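> Pasting a structure here, questions to come.
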Amino acid sequence: MNVANTQIQMRKGLLEFCVLHIISRGEVYTSDLIEELTQAQMIVVEGTLYPLLNRLKSAALVEYRWVESESGPPRKYYSITEDGKSFLGTLSETWASLVNSTTEITSKN
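Following this line, the structure appears as structure tokens:
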């Protein structure tokens, strides 16, 4: 069994939650998402973000708008929808429960 693969799968499982949380703080450009996720060591490959953003948009959890750029092509800026806020609230409750459960299990000798 490869520990690196397990670590990657753990991060992937939390990526959607983290992306929604970042977007919930305010409108965000994709490269800013990538930068924050990279700094937090939550994303290894940029290519995993774009399909996730498409899925979130298809599910009406996020939306985007195009903004003209002075130095290149227009940019997509993402924001969270009301459905996305509700979904994120449920994920936040689940996360808190998972942290408590994991702490309870891993704190025992």
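Numbering (the UniProt record's numbering), first residue to last: 1 to 109.
Ideal Cβ placement from N, Cα and C applies to all residues, glycine included.
Source: prediction; values computed, not measured.
Compare the Cα-Cα distances from M42 to each of K108, S86, K12 and V28 and report the closest residue.
For the residues K108, S86, K12 and V28, the minimum Cα distance to M42 belongs to K12.
> Please classify G84 as buried or exposed, where buried requires at least 16 neighbouring CB atoms within 10 angstroms.
Flag for G84 reads buried.
> Would you decide whether I23 is buried or exposed? Buried here means 16 or more other CB atoms lie within 10 Å of its CB.
Looking at its Cβ environment, which holds 16 or more other Cβ atoms inside 10 Å, I23 is buried.
> Tell me, please, which residues DSSP counts as bridged to Y29.
Y29 pairs with Y77.
> Output needed for K76: all residues of its chain with C-beta closer than 7 Å, excluding positions within five of it in sequence on either side, in chain order.
Hits under 7 Å: T30, Y64 and W66.
> Alpha carbon to alpha carbon, how far is S92 from L14?
Each residue's Cα considered, the two are about 11 Å apart.
> Using the three-state DSSP reduction, which class does E68 fall into: helix, strand or coil?
Three-state DSSP puts E68 in coil, outside helix and strand.
> Cα separation between L52 and E16?
Cα to Cα, L52 sits roughly 7 Å from E16.
> Identify, in the order they occur along the chain, each residue of the same chain with its Cβ nearer than 7 Å to the Cβ of P74, setting aside the five sequence neighbours on each side.
Cβ neighbours of P74 beyond the five flanking positions: W66, V67 and E68.
> Opposite V99 in the DSSP bridges: which residues?
Answer by DSSP bridge pairing: none, since V99 is not bridged.
> Counting C-beta neighbours from all protein chains within 10 Å, is the total for I105 16 or more, i.e. buried, or is it exposed?
When all chains shown are included, I105 counts as exposed.
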